[in-house]
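Asker:
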Ligand code: PAF
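Numbering (the working numbering), first residue to last: 65 to 343.
1) In chain order, what residues of the same chain have a beta carbon less than 8 Å from the beta carbon of residue 197, not counting five sequence neighbours either side?
2) So what does DSSP say about residue 78, is it helix, strand or coil?
3) Using a Cβ-based criterion (distance less than 7 Å to any ligand heavy atom), does residue 224 qualify as near the ligand PAF?
4) Between residue 239 and residue 272, what straight-line distance do the alpha-carbon atoms span, to the nearest angstrom?
5) Assess contact between the region 176-194 and the region 119-138, defined as three or more Cβ pairs (one per stretch) separated by less than 8 Å. Is contact present?
6) Whose C-alpha, out of 234, 261 and 205, is nearest the C-alpha of residue 245?
7) Quick one: is the Cβ of residue 210 within less than 7 Å of any heavy atom of the ligand PAF?
8) Label residue 269 either buried or exposed according to how many other C-beta atoms from any shown protein chain fall within 10 Å of its C-beta, with 16 as the threshold for buried.
9) For the region 201-287, which segments carrying the alpha helix (DSSP H) assignment without a break, of at least 4 residues, lie completely within its bounds, in sequence order?
10) If you follow the beta strand (DSSP E) that residue 324 is part of, which residue opens it and which one closes it?
11) Take residue 104 and list the residues in its own chain whose beta-carbon comes closer than 7 Å to its own, dropping the five residues that flank it on each side.
12) Below 8 Å on the Cβ atoms is my contact criterion, and I expect residue 154 with residue 68 to pass it. Report the Cβ-Cβ distance as a whole number of Å.
13) Assign residue 341 to one of two classes, buried (16 or more other C-beta atoms within 10 Å of its C-beta) or exposed (fewer than that).
14) May I ask you to list the residues that DSSP assigns as paired with residue 111?
15) Tell me which same chain residues have a C-beta within less than 8 Å of the C-beta of residue 98, skipping the five on either side of it?
16) What does DSSP give as the partner residues of residue 154 in its beta bridges?
17) Once DSSP output is grouped into helix, strand and coil, what is the label at residue 125?
18) Would residue 326 be called buried (16 or more neighbouring beta carbons within 10 Å of its own) or exposed?
19) CB-CB under 6 Å to residue 305, same chain, minus the five flanking residues each way: which ones, in chain order?
20) For residue 222, which residues of its own chain have a beta-carbon under 7 Å away from its beta-carbon, when the five flanking residues on both sides are left out?
21) Listed by chain order, which residues have C-beta atoms less than 6 Å from any heavy atom of the ligand PAF?
22) Starting from residue 183 and walking both ways along the alpha helix (DSSP H), at which residues does that stretch end?
23) When the Cα atoms are used, what is the spatial distance from residue 252 to residue 138?
24) Work out the CA separation of residue 321 and residue 280 for me, nearest whole Å.
25) Please report the residue range of the alpha helix (DSSP H) in which residue 366 lies.
26) Is it buried or exposed, residue 92, if we count other Cβ atoms within 10 angstroms and call 16 or more buried?
27) Can you tell me whether residue 26 is helix, strand or coil according to DSSP?
28) Give the straight-line distance between the Cα atoms of residue 201 and residue 161, rounded to the nearest whole angstrom.
29) Between residue 83 and residue 72, what straight-line distance do the alpha-carbon atoms span, to the nearest angstrom?
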């Protein structure tokens, strides 16, 4: 695996490749786990050159303590990528991406940014849009792979790519779960043992909500979920909502033609976990 730390070195390598090679890209913030590796696997199947980036993007953290504590495991990440036969790792520093101006551009994602995570994490999606656009411009991939765990992020990246007319096909990949159902996340490594034991409840409730959705009203399900979390001393529900998959707007009345998803954000101690399920 080649490792590049600068745009110039990455571009020199890519320029030396034969033309018409399909480039697949998996942007990450490191602390890699099986979820990331499943994105890389898909990327390898569909492209000639697979590039993974590791860059902990400062402009998408609404909480500076979260940025400082974000797990950084570069040596382990490199080993994992080597063994998964990644072709290229791009690991720029903050200066390489932002020069002296560490700020996010303000985007209009047609209202997608105002729902769910957008309500609780001010400026987060502008930070994501800024860094993904910059990385797409540097790497110039044909296809890029994002996990559905961050479903709102995936929709926003698709919207940004379309509105900015970037020639990249953005592909969503299924959530990778531990055997107990917990969605893989770099933040899981910061959970205490007790919280790690409690956290699979999040997916269990989503699965139950999916069944309840057949017969109950959205409001009744939301109330029921809130009650269930009151019985969980280690988990604090931030939000549970059912929304239209495309617009991410809260469901008002069930409509047979619309595809819905249930979305959830939960604090396990100080660690914020999100998950979702198609219902
Ligand atoms: O999902 C992530 O890890 C990050 O939000 C991303 C897409 C790499 C942008 O920093």
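No residue lacks a Cβ here, since even glycine has one placed at the ideal position from N, Cα and C. Note that the coordinates shown come from a computational prediction; the quantities given were computed from them, not determined experimentally.
Answerer: The relevant details are as follows:
1) 169, 224, 228 and 230
2) helix
3) no
4) 17 Å
5) yes
6) 261
7) yes
8) buried
9) 215-227, 257-262 and 265-276
10) 324-332
11) 90, 114, 116, 148 and 150
12) 5 Å
13) buried
14) Answer is none; residue 111 lacks a bridge partner.
15) 240 and 248
16) 68 and 117
17) coil
18) buried
19) 314 and 327
20) 234
21) 91, 92, 93, 121, 124, 192, 195, 196, 214 and 217
22) 181-184
23) 17 Å
24) 18 Å
25) Nothing in the structure corresponds to residue 366, since the chain is present only between 65 and 343.
26) buried
27) With the chain covering only 65 through 343, there is no way to say anything about residue 26.
28) 11 Å
29) 18 Å
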